[in-house]
Structure formats: C-alpha cells, structure tokens
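**Q** Structure provided below as structure tokens; questions to follow.
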Amino acid sequence: MLSTKMILARQVLCQGDFFLKGAGILLRGARILEVVPSLSAARRLARRSDAALEDKGPGLWSAGLVNAHAHLELTALEGVVPRLPFAPWVAALMQARMRIKRADLQKGLQQGADRLLATGTTALGDNDSLGLATGVLAVHPLRTRIWREALDAWDPKRTRAALRFARAPRRGTQTLAFGLAPHAPYTVSAALGRALARQASRRRVPISIHFAESLAEDQWMRRGSGPLARVLPASPGLSSLDHLERTGLLARRTALVHCNRVSASGIETIARAGATVVHCPQSHRFFRRSSFDARSWLDAGVVLALGTDSRASNWDLDMRAEMARMRVACSDLDPSEIWTMATEGGAHCLGWSQRLGRVAKGFQADLVQWDLTPRSRSGALEALTGSLPAVRRVLVAGREVCPGD
Ligand SMILES: [Zn+2]
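Structure below.
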C-alpha cells in the first residue's frame with residue numbers, strides 16, 4: 018500500500034511561469050497526485066484523502082534540477098588534469114585516468130552523486146565508459162539515466178566490442194534507466210553510428226552524443242587535419258552534422274552535447290530533426306570558449322538543457338553554479354528560460370519530459386525545498402538562478418533523501 022501525504026508549502030514554483038503562495042502538494046508513493054493552490058484547501062483535501070499532513074516549514078519548493086550531462090566516473094580526477102586546450106586536455110585526461118585505481122573511481126562516482134543531490138539536482142544523465150556507474154548508481158537515491166558510452170575511434174576492429182559494451186546492461190530500477198552515448202562524431206565510425214541509431218530506435222531509448230565541441234573535431238572530420246590527425250586514422254571528409262544525419266544519429270531522441278561550433282543552417286537542420294542541445298556553462302568556461310549563442314537555439318525552437326560535464330573540466334558538480342554562470346554569460350536570457358533549461362529541458366533530454374521537471378499532477382515527486390522566501394514568481398526565479406540558494410530538503414520519487422545515506 019502506497020503512503021499518501023500532503024506537503025504544506027509556503028511557496029511553490031510549479032514551473033517557469035506558475036508560482037503559488039501557500040499550497041499543498043499531495044503525493045502518493047513516488048507521484049504527485051495533486052497540487053492544491055491554498056493551504057486551507059490542502060488541509061481539507063488531506064482529510065478527505067486520509068493523507069498525512071507534513072508541514073515542512075518555510076522555504077520555496079520546486080522541481081529538482083536535472084543535470085543532462087556528466088561523467089561521474091571522472092570525479093576522482095578533481096584537480097588532477099590541468100586547464101589545457103581541448104586536444105592536449107583529452108590526452109592528459111586519458112593518462113591521468115589510467116593511473117587511478119578502480120576503487121577510487123567508484124568512490125568518486127559516489128561523491129559526485131552525493132554532491133549533486135546536496136546542491137538540488139534530483140536527476141542526472143551520466144556517461145559511463147568504464148562500466149562502473151551502474152553498480153554505484155543503482156543503489157544511490159539520485160535518479161539517473163546512464164548513457165552507455167561507445168567509441169571505436171574509426172577502427173573496424175573495435176566496433177563489435179564497442180557495441181557489446183553499449184548494449185548491456187538493460188534492466189533498470191524505479192530511479193535508474195539506460196540510454197546510449199555514441200561518444201562523438203570523431204570517435205564513432207559510420208558502422209558503429211548506424212548500429213547504435215538502430216539499437217536506440219528498437220529499444221526506444223534516448224541518445225546523447227558530444228557534438229561540434231572543438232575546432233580540432235571540425236578540422237579532423239572535414240579534412241583529416243589538426244591535432245586529432247596524430248591519433249585517428251583517415252578522416253571521413255565530411256562535417257560532424259553530415260555524419261550524424263547519414264548514420265541516423267540525428268533524431269528526436271538525440272541530445273547533442275556542447276554544440277559550440279554550429280552554423281545558422283546547422284541550427285535549422287537540428288531544429289527540424291527535433292534533437293535537443295545540452296550546454297555545459299562551467300565546462301565551456303574552463304576551455305575558454307567563445308560565448309554560447311543560446312538565443313539562436315531558442316529562437317529556432319530547440320529545447321536546451323544544462324549539464325555540469327565532469328570534475329576534470331569543472332570546478333564543482335553543482336547545477337546552481339551552472340545557472341548562475343549562464344546568467345552572466347548569456348545576459349540576454351530571462352531567468353525563466355535558464356530555469357526551464359535546468360529542469361524541463363533536462364527532463365526532455367533524458368526522455369522523461371512527461372515525468373520530471375515540473376511540480377504538477379502526474380509528475381514524479383522529485384522536489385527540492387530551498388532556503389528562500391520569495392514573494393513573487395520573478396523573485397523566485399531571480400534567486401534560484403542567480404544566488405546559489407541553500408538546499409533544505411531533497412525528495413526523489415517521493416522519498417526524502419540525504420546525500421550519502
Ligand atoms: Zn562530456
């Protein structure tokens with residue numbers, strides 16, 4: 018028998034444009050049954066539904082943040098990899114990772130997930146290239162879509178093994194599911210790309226792929242030149258976008274991570290395909306990239322989400338900091354647009370747009386109570402996106418969770 022409870026809330030930001038002062042959130046098990054727009058009506062409904070009343074005191078309630086892109090397996094590399102341009106940074110990362118013990122990588126995964134929960138993230142899309150994430154995250158309260166990462170570096174001898182890794186395991190839990198992550202156009206051959214696109218379509222799972230991240234990617238993909246030519250075989254001689262279109266990887270179920278170097282016509286093509294885009298503001302800053310043109314993507318009708326990327330290219334794993342960075346770096350955006358990216362946009366990328374990202378009837382009770390007492394919608398959005406508010410409580414699937422419990 019699922020328990021029913023009514024949370025009495027002083028303020029609730031239900032979604033970007035809907036704010037309530039004095040409300041009740043009725044939960045049964047993991048789901049929100051009803052959002053009641055006054056405290057007295059909430060008390061009455063609680064009596065009628067035989068729901069336990071839970072007055073959690075002052076504080077703003079909202080949907081939990083959704084981190085659409087991370088590599089928690091790299092959390093143990095915190096402070097280890099220097100701040101270098103992209104290609105030498107990747108080389109330094111690979112070397113550093115080989116020196117770290119498996120147990121330390123697992124400990125890092127746990128610590129990264131704890132940090133995300135403690136800072137208000139309740140759902141995560143996490144790239145797994147080592148096969149370590151499932152064991153740790155299956156027993157962690159954070160809701161996760163694990164993207165099984167596949168790459169063959171355009172070497173046909175590696176394609177079969179890459180596919181095998183991406184396929185397993187398939188069985189999730191109430192808060193753990195799987196997706197596919199072709200690593201990037203420059204590391205995923207046409208054969209591997211096609212096989213992964215077919216598999217995602219057959220299994221109806223979302224795809225996440227690093228895309229148009231660096232000049233080095235563009236140079237190698239189109240002409241076989243630049244720093245990646247030293248480590249990769251012959252280039253396909255086409256753009257990253259053409260590669261994705263030809264393999265079937267550019268689809269509605271696809272989240273393109275980074276998109277730092279996309280032309281206006283490329284934005285249109287991606288918008289037509291219905292793919293989503295994940296921007297990682299702090300990682301973007303780490304690599305000193307030129308500004309991300311969020312406005313053009315939004316104007317084209319593309320759903321944008323935010324991610325932290327890994328601790329190897331970020332100073333923290335904190336979606337509040339990503340929103341605050343976005344406020345500074347993309348000052349033409351409204352706070353509500355940034356909030357939507359960090360909640361509903363991320364939910365969309367993870368394939369959970371009908372379940373996460375809002376405080377609404379039928380959605381999962383993934384909720385955060387913030388140490389904020391705003392008087393209005395605009396005050397709530399201003400504080401949430403710009404002030405790194407303290408977290409009072411975190412609920413995932415209706416259960417109050419404590420980081421590290
Ligand atoms: Zn990444």
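Take 18 as the starting number for the sequence shown in the numbering used here and just add one per residue.
For each residue, glycine too, the CB sits at the ideal point set by N, CA and C.
1) Are the Cβ atoms of A377 and I24 separated by less than 8 Å?
2) When we look at the beta-carbon of V29 and count the other beta-carbons within 10 Å, is it buried (16 or more) or exposed?
3) Check whether the Cβ of V274 lies closer than 7 Å to any heavy atom of ligand 1, and answer yes or no.
4) Nearest-angstrom Cα distance between A109 and V98?
5) Taking all protein chains shown into account, do 16 or more other C-beta atoms lie within 10 angstroms of the C-beta of V205, making it buried, or fewer, making it exposed?
6) To the nearest whole angstrom, what separates the beta carbons of S79 and V385, a pair I think is in contact under 8 Å?
7) Given that a residue counts as buried once 16 or more other Cβ atoms are within 10 Å of its Cβ, and exposed if not, what is M111?
8) Here's the rule I'm using: 16 or more other beta-carbon atoms within 10 Å means buried, otherwise exposed. How should G19 be labelled?
9) Whose C-beta lies closer than 8 Å to the C-beta of Q439 among residues of the same chain, with five residues either side of it excluded?
10) May I ask you to list the residues that DSSP assigns as paired with D72?
11) Mind checking whether I355 and R337 have CB atoms under 8 Å apart?
12) Does the Cβ of K174 have 16 or more other Cβ atoms within 10 Å, making it buried, or fewer, making it exposed?
13) In the DSSP assignment, the alpha helix (DSSP H) including S257 goes from what residue to what residue?
14) If you follow the beta strand (DSSP E) that V295 is part of, which residue opens it and which one closes it?
15) Identify every residue that forms a DSSP beta bridge with A167.
16) Within this structure, are the beta carbons of N331 and S370 separated by less than 8 Å?
17) Who are I224's beta bridge partners in DSSP?
18) Would you check whether ligand 1 has a heavy atom nearer than 7 Å to the C-beta of D326?
19) Let me know the secondary structure DSSP gives G403 once reduced to three states.
20) For S79, report the span of its beta strand (DSSP E) as first-last.
21) Hey, could you find the ends of the beta strand (DSSP E) F35 is sitting in?
22) Going residue by residue through the stretch 126-166, where are the continuous beta strand (DSSP E) segments of at least 3 residues, counting only ones entirely within it?
23) The beta strand (DSSP E) that contains E51, what's its start and end?
24) Which two residues bound the contiguous alpha helix (DSSP H) that contains S237?
25) Where does D422 land, buried or exposed, given buried means 16+ other C-beta within 10 angstroms?
26) Within the present structure, is the beta-carbon of H88 separated from the nearest heavy atom of ligand 1 by less than 7 Å?
27) Helix or strand or just coil, what does DSSP make of R409?
**A** From the atom records:
1) no
2) buried
3) yes
4) 6 Å
5) buried
6) 6 Å
7) exposed
8) Reading off the sequence shown, one finds Leu at residue 19, where the question assumed Gly. That one is exposed.
9) The question about residue 439 has no answer here: the residues shown for the chain are numbered 18 through 422.
10) L25
11) no
12) exposed
13) 257-264
14) 293-296
15) P199
16) no
17) L197, T271
18) yes
19) helix
20) 77-80
21) 35-45
22) 138-145
23) 48-53
24) This sequence places Trp at residue 237; Ser is not what is there. First-last of the alpha helix (DSSP H) with W237: 232-240.
25) With a pLDDT of only 42 at D422, under 50, the local geometry of the prediction cannot be trusted, and no value is derived from it.
26) yes
27) strand
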